[in-house]
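**Q** Pasting in a structure now, in structure tokens, and then I'll have a few things to ask.
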Amino acid sequence: MRAQRRSSSVRLAVAALAAVGAIAAASTALSLTNGDLAAACSVPVVDGSRTVSLAEYRGQVVYLDFWASWCGPCRESFPFMNELQRDLAGRGLQILAISVDKTAEDARRFLARYPAQFTVALDTGAACPAAFQLQGMPSSYIIDKSGAVRAVHAGFRNRDRAEIRQQLLELLGRDAK
Amino acid sequence: MTLAARLIVLAAVVVALLATAGCATVQPWERGTLAKPVMAIEDPAHETAQKLRTYGAKEGGASATGVGGGGCGCN
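Protein sequences, first through last, are from chains A and B.
For the first sequence, our numbering assigns the number 43 to the initial residue and increments by one for each residue that follows.
For the second sequence, our numbering assigns the number 872 to the initial residue and increments by one for each residue that follows.
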């Protein structure tokens, strides 16, 4: 009887360990990676004139970027995205940059200093970054015509520029065929 | 209870306590909260300078932040 009780408490302890382990694993395993379908995401554009949804870009190559006014590397990525817009918009690239700032005011102040020639949207409720489970700031996702994530870039470094451009060109080229 | 069983139970208790501790995970997109000026570890530079100046004036004889420099041998 006593031996039984002992073994059951051990079993309970093992189960508790496993449960905690599972919860810890689940909280890190949710982030979107290559091949996953991009999460649904619908956000108002920065001037509030309309709501933009990722679903409406289906059939097009999308460069989705999550940025914030407090994020240092984002200042570097804006001129880069302007370049992408200038060079690749004509080939069908869609750029959507979503601010995760808690207040629209912060985002607007950033935009006044670092102007954007591409679509900028606000997600003050942080629904989209939660759905994508970003691993860093900024984070960008290259999404193909079928709506699948083809590349994820966490952070923005100088060496990412060539790689991102290459990945986009590959997808745009394939779509043209 | 055997030693192994005790260890397993102990490990479970420790892990459960750690898991329920008041640690919150700040997601990458929530770090703006930590970027607010009030979250800075140090005071703003001008405030630090002001405090040092006051402290230096108060403790001047005993040399507030540096080496005593009285020259009279009293410090």
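From the three backbone atoms N, C-alpha and C, an ideal C-beta is built for every residue, glycine too.
Is ALA950 of chain B close to chain A, meaning its C-beta is less than 8 angstroms from at least one C-beta of that chain?
**A** No information on residue 950 of chain B is available, as it lies outside the stretch 872 to 946 that chain B covers here.
**Q** Of the residues A:LEU54, A:TYR183, A:ALA168, A:LYS187, which one's Cα is nearest the Cα of ASP202 of chain A?
**A** Comparing Cα-Cα distances from ASP202 of chain A to each of A:LEU54, A:TYR183, A:ALA168, A:LYS187, the minimum goes to A:TYR183.
**Q** Establish whether the CB of GLY893 of chain B and some CB of chain A are separated by less than 8 angstroms.
**A** Not closer than 8 angstroms to any Cβ of chain A, the Cβ of GLY893 of chain B fails to qualify, so no.
**Q** Would you check if the distance between the CB atom of ILE140 of chain A and the CB atom of LEU126 of chain A is smaller than 8 angstroms?
**A** No, the Cβ-Cβ distance between ILE140 of chain A and LEU126 of chain A is not below 8 angstroms.
**Q** Which word fits ALA71 of chain A, buried or exposed, when buried means at least 16 other C-beta atoms lie within 10 angstroms of its C-beta?
**A** Per-residue confidence for ALA71 of chain A stands at a pLDDT of 47, beneath the threshold of 50, marking its modelled position as unreliable; the derived number appears in the next sentence. By the 10 Å Cβ count, ALA71 of chain A comes out exposed.
**Q** Which ranges would you report for the alpha helix (DSSP H) in the stretch 152 to 192 of chain A if only whole runs of at least 4 residues count?
**A** Listed in chain order, the complete alpha helix (DSSP H) runs (minimum 4 residues) inside the stretch 152 to 192 of chain A are 169 to 174.
**Q** So with CB distances below 7 angstroms, who are the chain A contacts of PRO915 of chain B?
**A** Near PRO915 of chain B there are no residues of chain A at all, since even the closest Cβ is about 17 angstroms away, more than 7 angstroms.
**Q** Tell me, to the nearest whole angstrom, how far the beta carbon of ARG128 of chain A is from that of LEU214 of chain A; I am working on the premise that it is less than 8 angstroms.
**A** About 14 angstroms; that fails the 8 angstroms criterion.
**Q** In angstroms, rounded to a whole number, what distance separates the CA positions of VAL162 of chain A and VAL52 of chain A?
**A** If you take the alpha carbons of VAL162 of chain A and VAL52 of chain A, they lie about 55 angstroms apart.
**Q** Taking all protein chains shown into account, decide if LEU878 of chain B is buried (16 or more other Cβ within 10 angstroms of its Cβ) or exposed.
**A** Classification of LEU878 of chain B: exposed, given that the 10 Å Cβ count is below 16.
**Q** Determine the DSSP secondary structure at ALA71 of chain A, reduced to helix, strand or coil.
**A** Note that ALA71 of chain A scores a pLDDT of 47, beneath 50, so its modelled location is shaky and nothing firm can be said.
**Q** Compare the C-beta of ALA876 of chain B against all C-beta atoms of chain A and say whether one is closer than 8 angstroms.
**A** So yes, ALA876 of chain B belongs to the interface.
**Q** Are GLY114 of chain A and PRO899 of chain B touching if we call contact CB-CB under 8 angstroms?
**A** The answer is no: Cβ separation not under 8 angstroms.
**Q** Identify the continuous beta strand (DSSP E) that holds PRO86 of chain A and give its terminal residues.
**A** First-last of the beta strand (DSSP E) with PRO86 of chain A: 84 to 86.
**Q** Measure how close the beta-carbons of ASP89 of chain A and SER111 of chain A come, nearest whole angstrom, since I'm counting them as under 8 angstroms.
**A** About 17 angstroms separates the two Cβ atoms, so there is no contact after all.
**Q** To which residues does DSSP link TYR105 of chain A through a beta bridge?
**A** Bridge partners of TYR105 of chain A: A:ILE137, A:ILE184.
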